[in-house]
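To start, the structure under review is shown below, and the notes come after it.
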Amino acid sequence: MSLEFLLAAALISSTPLAYAALGELVIERAGIVNLGVEGTMLIGAVAGFIGAQITGSAWAGVLAALVCGALFGGAFAMLTITARLDQVVAGLAFTVLGRGLSSYIGAGFVGVPPRAVIHKLNLGVLGHVPVLGPVIFGQDPLVLGAILLPVLLSLYLRFTRMGLVLMALGETPEVVDSLGIPVILLRYAYVISGSALMGVGGAYLSLAYIPSWIENITAGRGWIAIALVIFGTWRPLWVFGGAVLFGLVDAVRFRVQLDNYPVDPHFLNMLPYLATLLVLALVARSRAHGRLGGPAALGAAYDRERR
Numbered sequence: 006m007s008l009e010f011l012l013a014a015a016l017i018s019s020t021p022l023a024y025a026a027l028g029e030l031v032i033e034r035a036g037i038v039n040l041g042v043e044g045t046m047l048i049g050a051v052a053g054f055i056g057a058q059i060t061g062s063a064w065a066g067v068l069a070a071l072v073c074g075a076l077f078g079g080a081f082a083m084l085t086i087t088a089r090l091d092q093v094v095a096g097l098a099f100t101v102l103g104r105g106l107s108s109y110i111g112a113g114f115v116g117v118p119p120r121a122v123i124h125k126l127n128l129g130v131l132g133h134v135p136v137l138g139p140v141i142f143g144q145d146p147l148v149l150g151a152i153l154l155p156v157l158l159s160l161y162l163r164f165t166r167m168g169l170v171l172m173a174l175g176e177t178p179e180v181v182d183s184l185g186i187p188v189i190l191l192r193y194a195y196v197i198s199g200s201a202l203m204g205v206g207g208a209y210l211s212l213a214y215i216p217s218w219i220e221n222i223t224a225g226r227g228w229i230a231i232a233l234v235i236f237g238t239w240r241p242l243w244v245f246g247g248a249v250l251f252g253l254v255d256a257v258r259f260r261v262q263l264d265n266y267p268v269d270p271h272f273l274n275m276l277p278y279l280a281t282l283l284v285l286a287l288v289a290r291s292r293a294h295g296r297l298g299g300p301a302a303l304g305a306a307y308d309r310e311r312r
């Protein structure tokens, strides 16, 4: 079992999780809990596949997924930010809505061969560099984007004024408001942009990871993405590391099945989810006497009349 093969497969498996989890991280840093990640990813997956089928371009499909994920997130923002509905209930409702809507829209595309898929890059000599060549430089652009995104997001949060404002949105929105910064508008912007990333994660499933459309193609990855935000303690690089860890477990599972090891396939299918639960249990245990590091105002609707 080649280490390079496992690492490359782990990055591929982690890519949809990374986009979804980092999108959720952005939203939660702004003080909003969105449990509709699964539904948003499904909307992105079906929009991406249909967009690619209609246009013949995989990148048009990715753009369609990004736009539809953003629109889905905008609807969620209207209910939770403007109408101030319970964020947990709204998120669960959007998970159900996304699952049902994606199944309805994609009913005619089940089993249809894809017209366009996302291809791996050919970077010439870079692809022959030991280890880095097959693991990183031989991947497709969305995998490379998933590697670069947490780095950029970390720099944004740590070294830019808007990044500091984003963190303050989830900690003390009343202070942000008192400085004349529009809390509601910024929360809308981050919920929409975070949901757009979730849509891209869904599109990766239907255009690269499993280049086809099948109902419930996410298979619970949206819930794992939410767990990864907690595991990563709301830090982009840690969240990405958790996604890669999950991807590694997933890659080992597939490799064991391909090599016909005498292991129950149902147990193998359970491994990635079991690994996520174990990691979360360890994190919770190690921090049982303190906060996990989540934003202080997370999940609380902001009403400037009460500040």
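In our numbering, the protein residues as written are 6 to 312. For glycine and all other residues, C-beta sits at the position ideal for the given N, C-alpha and C.
Span separating the alpha-carbon of residue i from that of residue j
i	j	result
Ala286	Ile59	45 Å
Phe236	Leu171	20 Å
Leu169	Leu106	36 Å
Ala25	Pro146	16 Å
Pro300	Val31	11 Å
Leu8	Thr223	26 Å
Asn221	Ser183	44 Å
Glu176	Ala52	34 Å
Pro334	Val140	In this structure the chain extends from 6 to 312, so residue 334 is not present and cannot be described.
Ile110	Leu76	16 Å
His294	Trp228	At His294, the pLDDT of 43 sits below 50, so the modelled position is not reliable; the number obtained from the coordinates is stated separately. Rounded to the nearest angstrom, the two C-alpha atoms are 25 Å apart.
Ala302	Pro178	8 Å
Arg163	Leu22	23 Å
Leu202	Val101	19 Å
Ala248	Leu174	25 Å
Ser200	Leu128	31 Å
Trp3	Ala208	Outside the modelled stretch of the chain, which goes from 6 to 312, sits residue 3, for which no answer is possible.
Asp308	Ile37	13 Å
Gly132	Gly150	17 Å
Terminal residues of the alpha helix (DSSP H) in which residue i lies
i	result
Ile59	42 to 60
Trp218	That residue, Trp218, is in no alpha helix (DSSP H); it is neither H nor E in DSSP.
Ser19	8 to 34
CB-CB length for residue i against residue j, believed under 8 Å
i	j	result
Tyr378	Ala35	Absent from the structure is residue 378, since the part of the chain shown begins at 6 and ends at 312.
Ile123	Leu212	5 Å
Leu233	Val244	5 Å
Ile48	Gly138	That belief does not hold up - the Cβ atoms of Ile48 and Gly138 are roughly 35 Å apart, past 8 Å.
Ala57	Pro119	6 Å
Gly79	Ile197	5 Å
Phe114	Ile55	6 Å
Val148	Thr20	5 Å
Tyr193	Ala82	5 Å
Test: residue i CB closer than 9 Å to a CB of chain B
i	result
Leu153	Note that chain B does not occur in the displayed structure, where there is just one protein chain.
Query raised in the report: Is the stretch 62 to 69 touching the stretch 182 to 190, taking contact as three or more C-beta pairs under 8 Å?
Result: no
Requested in this report: List in chain order: all unbroken alpha helix (DSSP H) runs of 4+ residues lying wholly within the stretch 222 to 267.
Outcome: 226 to 236, 241 to 263
Report task. Mind the definition here: the stretch 37 to 44 touches the stretch 14 to 21 only if three or more C-beta pairs lie below 8 Å; say whether that holds. Result -> no
Query raised in the report: Enumerated in chain order, which unbroken segments of the alpha helix (DSSP H) with a length of 4 residues or greater are wholly contained in the stretch 182 to 211?
Result: 188 to 209
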